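Number of protein chains: 2
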Amino acid sequence: MEQNTTELFEEFKELTASEFFRRNKQMLGFSGKIRSLTIVFHELITNSLDAAEEAGILPEISIELKRLGKDHYLLKHADNGPGIPENFITKVYCQMFAGSKFRNIQSRGQQGLGCSGCVLLSQMTTGQPVTIRSRYKENNEYKGVEMKVKLDVKKNTGIILERKEIETDRTGSGIEIEFKEVSYSLSEQGAYEYIRRTVIGNPHARIIFKDPAGKKYTFERATDKIPPLPKEVLPHPKGVTADDIIHLCKTTPKKRFKNLLMDSLSRVSQAKIKEVQEATNIDMNKRPKSITWQEAEAVVKQFDLMKFMAPPTSGLKPIGSDQIEKGINEILLPEFSTAITRKPKAYRGGVSFIIEAGIAYGGKSGRSIGIQKKAEIMRFANRVPLTFDQGSCAITEALKSIDWKRYGIRDLDNAPITVFVNIISTNVPYLSTGKQSVAPEEEIVQEIRQATMKIARRLEKYIRVKKAAKNEAMRSKIFEDLVPVVITQSALLAEKDVPEYDKIMDKVTHKAKIMDMQQRLKQPEIEPMQIKTEEPKMRIKTEEED
Amino acid sequence: MEQNTTELFEEFKELTASEFFRRNKQMLGFSGKIRSLTIVFHELITNSLDAAEEAGILPEISIELKRLGKDHYLLKHADNGPGIPENFITKVYCQMFAGSKFRNIQSRGQQGLGCSGCVLLSQMTTGQPVTIRSRYKENNEYKGVEMKVKLDVKKNTGIILERKEIETDRTGSGIEIEFKEVSYSLSEQGAYEYIRRTVIGNPHARIIFKDPAGKKYTFERATDKIPPLPKEVLPHPKGVTADDIIHLCKTTPKKRFKNLLMDSLSRVSQAKIKEVQEATNIDMNKRPKSITWQEAEAVVKQFDLMKFMAPPTSGLKPIGSDQIEKGINEILLPEFSTAITRKPKAYRGGVSFIIEAGIAYGGKSGRSIGIQKKAEIMRFANRVPLTFDQGSCAITEALKSIDWKRYGIRDLDNAPITVFVNIISTNVPYLSTGKQSVAPEEEIVQEIRQATMKIARRLEKYIRVKKAAKNEAMRSKIFEDLVPVVITQSALLAEKDVPEYDKIMDKVTHKAKIMDMQQRLKQPEIEPMQIKTEEPKMRIKTEEED
């Protein structure tokens, strides 16, 4: 080697998280003009929904998108959530890896990147500060503040440029933020579709959106039920790793190992501690700080051999099959719809999750490509629509592995159906920083298959009944057409008057048809009410700007 | 709202990068046992190749994988690169977002996450420290050091547990690192296949791999040519953003804006500066620190309107079509192979890139699924095999959009071919932190299409010629079979002796066939040498452990 190695290291640098993501913005999901804007909507809406839910508030979000020039927009966002205390505002909006959601809780966001990522993108493309408004409650008083802030990339912190107090009697937060190099699109991956899907997955949310043309869409709630407060769930012993135990031991104030285990994990009782102690010979009264890796590993190994109650699922709050059907019906106006919420399962031994699935058939189901209808797969994780990277997602993989022919769908890609899948978990295993696809963990893929096949069977029955009814209609049409001829001809042959038969015929055949239909629908799993007789009212109101 | 907002923020936390990735290890590519190990191989090999190339060394890498238990392995890695100076060792191996590659240079790694990510995974699954050996050159002297280190997740730094000096007369670095919850596989996504593809994309590298069964594979170099040193390339004015200019202005020691532009960007001459000044009215002698966002934006806008020479491509070092063919031939032993290295193009206006493509047909091309052959797509970025997330990759998208029927391939999925695509760029637009797929930028997708269609045409010709030759062979077979009969029967009929015709026939028909083949091959784009007559020698040597 000719050079000195040290010369090669002259350029060695240490970056802050903000500097890192400034160089790698695609890792935050910001790649492409349409996608970038959709990700911005995603981050803001997600934060609003999480915050409202945590505070027990029925969420209401308003977004206005103004076009300022080519690929240049001003976005105004406001919600009715709990707001952000003043001293946390720059942390939430200007600091990567800072957040309140690093807990074992079911929430949409989890990574402390969302809001600060949007501010970074704004600053990178426009150089402008953002305006933040927060109304919050402190010492039982409402406070309000408005500030203009910038993100200091070198330090990964915020800089406050202007600040003023605002009077208020309610809570909520909002942002005014400018972007260049983004574009608004009505396509499947665009911002509008993102909102539409959010409303399907969150029937309790009200979203008002004013698009760049000045058109105002009001997506009304399908339900006024405040969603239950998500709870923090202690990790299950079957899902815990030696590294987790060591981590707990290092950070706990507890004096005894056994108390740490019982208080930090779920389903670990005094009896279980005794069982572990007997099997591993580890003194469970030891100080947590003195636990070695080998001991932690021995405990995990022992946990694996033991029986525990299933992980508590009280922290998981599914949408519920009724609510999914409501969401689907009011947006897709389908001919047939059905949904299922499965029982909780666990992946990697101890992380619990719930799969929900829905199918809509006919009406506005599916994607329209010209006059053709293609199947549409709507993927959700904790009620958040997943819009990109579908190729590598557990949901796509599971749905593609189903033999759809068995369910009356000759070709999934070209069927007029919408398949909805939602995975609920305190710990959704996302594949990438952009949180757009779910890792194909075996247990998850299996559950999605099971859930979808179950409802596909109902769809198959509907399609079969519909086909049979069609055949029946054809047969009775022939019957109706033929009988008068027979009667007339018989009368002529008998040299009698042709009898009055129209009204009698109508009554007879109509009654026969209804009885037949009811007979068919008495088969289990199909409720007559699922056959839509009247069009549901549109839930989206549209107003042109005056 | 009932609660105080401040209560909701009691759990607010700030994480270090290490803490963040400890919670989100799948974002480093660590998800699934097979994939996790492949990513480890990827990070270590990538770093070795980059380091060797930067120091002008012909790389030699040895990896030994020992099975210690179920899903439990010890990996020993060593290279002949420039090594790491002692005071940088913990930064390289134990600190996220620290690295020497944050430059506008074509390198495999770019993110300062690779090595520290592997150490994090090791620590999370085994709790063990790693042993690092570095031999390097400082003040023209060789130095060596061995240390055991751990990663302090809370601080995102390294902790040195043991340290000793080692005597040495060469350079190189190495690591001994243990993993649990990983598994070694011979599948397409496994570690062995990763090495095989690395060798195809890097015919100048020598890799020695000892697998868990003790079998030693030596992948010899196909060429001894030291690859040219990659150069740092200044950004092109067409690819620069206002944010980049502001960033440059803030960090430059230059006194005048014009000098900053000329020295920090490529293709910006005194004449161009004058042109910008006249169009924008910005005083180009201003101090860079006083440049506003509006001014930076005006400059970028003006750059967009102006003509510049294409971005310099001296920094781009493609593999070269000859080398690709060598790589392909020696590993796949194909019946036909061809490759192309295209001229540099630019995406997003100013980021230059080069597409290289190769096709191998027959032999060991394609994937074997039982007795069936399926097409195999080998994706590379800066010579690094991309193993996962193929669905969303520009390369997959481009190849799927080609009408393969036009090139004699009835069904790409089921053809016995291997398609090789490599994208070379100082700035590959990866889609995710795991660097496993390339963003489908329009210009990139187009170039991949063009490159592949060009070589697909050559393959089509080969298939056509082969078919014709087969038909011809059949015809001459009939001729050869028939003529003797005619001669014999004629002799019998004429009541003469049957003449000695075998040798004459042989000569005549053989000559005719050769002339015919040469005729066909004279058509442009097919070189006779591309039709393989003898099997190339195997480049992989395999030895069983003694």
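Protein chains in written order, with the working numbering: chain A, 2 to 547; chain B, 2 to 547. All residues carry an ideal CB built from backbone N, CA and C; glycine is no exception. Remember, it's a predicted structure, so these values are computed and weren't measured experimentally.
| Check | Outcome |
| --- | --- |
| Rounded to whole angstroms, what's the CA-CA distance from LYS1 (chain B) to ASP72 (chain B)? Just pull it up for me. | A question about residue 1 (chain B) goes unanswered here, because the residues of chain B that appear run from 2 up to 547. |
| On the CB-based measure, 16 or more other CB atoms within 10 Å of its CB, does THR489 (chain B) come out buried or exposed? | exposed |
| Relative to chain E, which residues along the region 58 to 75 of chain A have a C-beta separation below 9 Å, given in chain order? | Of the chains in the structure shown, none is chain E; the protein chains are A and B. |
| Just the C-alpha distance for SER1 (chain A) and PHE210 (chain A), rounded to the nearest angstrom, thanks. | Chain A is shown only over 2 to 547; residue 1 (chain A) falls outside these bounds and no answer can be derived. |
| Based on Cα-Cα distance, which residue from B:PRO83, B:SER37 and B:ASP323 lies nearest to PHE10 (chain A)? | B:PRO83 |
| Can you pull the chain A residues whose beta carbon is under 9 Å from the beta carbon of GLN27 (chain B), in chain order? | PRO430, TYR431, LEU432, SER433 and ALA440 |
| Using a cut-off of 7 Å between C-beta atoms, extract the partners of TYR137 (chain A) located in chain B. | THR6 |
| Closest to PHE407 (chain B) by C-alpha separation, out of B:SER393, B:ARG458 and B:SER369, would be which residue? | Note on residue identity: the sequence assigns Arg, not Phe, to residue 407 (chain B). Residue B:ARG458 is the option with its Cα nearest to ARG407 (chain B). |
| Does DSSP put LEU317 (chain B) in a helix, in a strand, or in coil? | coil |
| Could you check if PRO386 (chain B) is buried or exposed, using at least 16 other CB atoms within 10 Å of its CB as the buried criterion? | buried |
| In angstroms, rounded to a whole number, what distance separates the CA positions of LEU59 (chain A) and ALA223 (chain A)? | 12 Å |
| So, helix, strand or coil for PRO153 (chain B), using DSSP? | What sits at residue 153 (chain B) in the sequence shown is Asp, not Pro. Looking at ASP153 (chain B) - three-state DSSP - the assignment turns out to be strand. |
| If I'm right that VAL131 (chain B) touches GLU20 (chain B) with Cβ under 8 Å, what's the distance once you round it to whole angstroms? | Actually they do not touch by this definition, with Cβ atoms about 19 Å apart. |
| Excluding the 5 residues flanking GLU526 (chain A) on each side, which residues of the same chain have their C-beta closer than 8 Å to its C-beta? | Reliability of the predicted coordinates at GLU526 (chain A) is poor, the pLDDT of 43 falling under 50, and no value is obtained from them. |
| Select from B:GLU166, B:PHE13, B:THR158 and B:ILE360 the residue whose C-alpha is nearest the C-alpha of VAL146 (chain B). | B:GLU166 |
| Output, in chain order, the set of chain A residues within a Cβ distance shorter than 7 Å of ASP305 (chain B). | Per Cβ cutoff of 7 Å: no residues; ASP305 (chain B) is ~12 Å from chain A at best. |
| Counting only runs of 3+ residues fully inside the region 339 to 405 of chain A, write out the beta strand (DSSP E) ranges in chain order. | 346 to 348, 352 to 362, 368 to 370, 373 to 375, 377 to 382 and 385 to 387 |
| State the start and end residues of the unbroken alpha helix (DSSP H) segment that holds THR39 (chain B). | 34 to 55 |
| Taking Cβ to Cβ, would you say GLY57 (chain A) is nearer than 7 Å to TRP294 (chain B)? | no |
| Could you please tell me which residues of the region 235 to 246 of chain B, in chain order, have their CB closer than 8 Å to any CB of chain A? | THR242, ALA243 and ASP244 |
| Taking Cβ to Cβ, would you say PRO430 (chain B) is nearer than 7 Å to GLU443 (chain B)? | no |
| Can you tell me where the beta strand (DSSP E) with THR158 (chain A) in it begins and where it stops? | 158 to 166 |
| Going straight from the alpha carbon of ALA361 (chain B) to that of ASP323 (chain B), what length do you get? | 13 Å |
| Compare the beta carbon distance of LEU266 (chain B) and PRO231 (chain B) with 7 Å and say whether it is the shorter of the two. | no |
| Can you name, in chain order, every residue of its own chain whose Cβ lies under 7 Å from the Cβ of THR126 (chain B), other than the five neighbours on each side? | PHE180, LYS181 and GLU182 |
| CB-CB under 6 Å to PHE381 (chain A), same chain, minus the five flanking residues each way: which ones, in chain order? | GLY202 and ASN423 |
| Could you pull the start and end residues of the beta strand (DSSP E) that ARG257 (chain B) belongs to? | Neither: ARG257 (chain B) is in no beta strand (DSSP E) and is coded neither H nor E. |
| Which residues in chain B sit within 9 Å of ALA56 (chain A), going by Cβ to Cβ distance? | MET2, GLU3, GLN4, THR6 and LEU9 |
| Within the same chain, show all residues whose beta-carbon is closer than 7 Å to that of GLU44 (chain B), passing over the 5 residues directly before and after it, in chain order. | GLY115, CYS116, GLY118 and CYS119 |
| Give the DSSP-derived three-state secondary structure of VAL200 (chain A) in the structure shown. | helix |
| From what residue to what residue does the beta strand (DSSP E) around LEU76 (chain B) run? | 73 to 80 |
| Taking the CB atoms as reference points, tell me whether ASN81 (chain B) and GLY175 (chain B) lie closer together than 7 Å. | no |
| On the three-state DSSP scale, how would you describe LYS25 (chain B)? | Correcting the residue type first, residue 25 (chain B) is Asn in the shown sequence and not Lys. In this structure, ASN25 (chain B) counts as coil in the three-state DSSP scheme. |
| Is any beta-carbon of chain B found at less than 7 Å from that of GLY84 (chain A)? | yes |
| Starting from the N-terminal side, write out each stretch of the alpha helix (DSSP H) that is 4 residues or longer and does not extend beyond the region 180 to 235 of chain A. | 192 to 202 |
| Report the residues of the region 171 to 197 of chain B with a CB closer than 7 Å to any CB of chain A, ordered along the chain. | THR172 |
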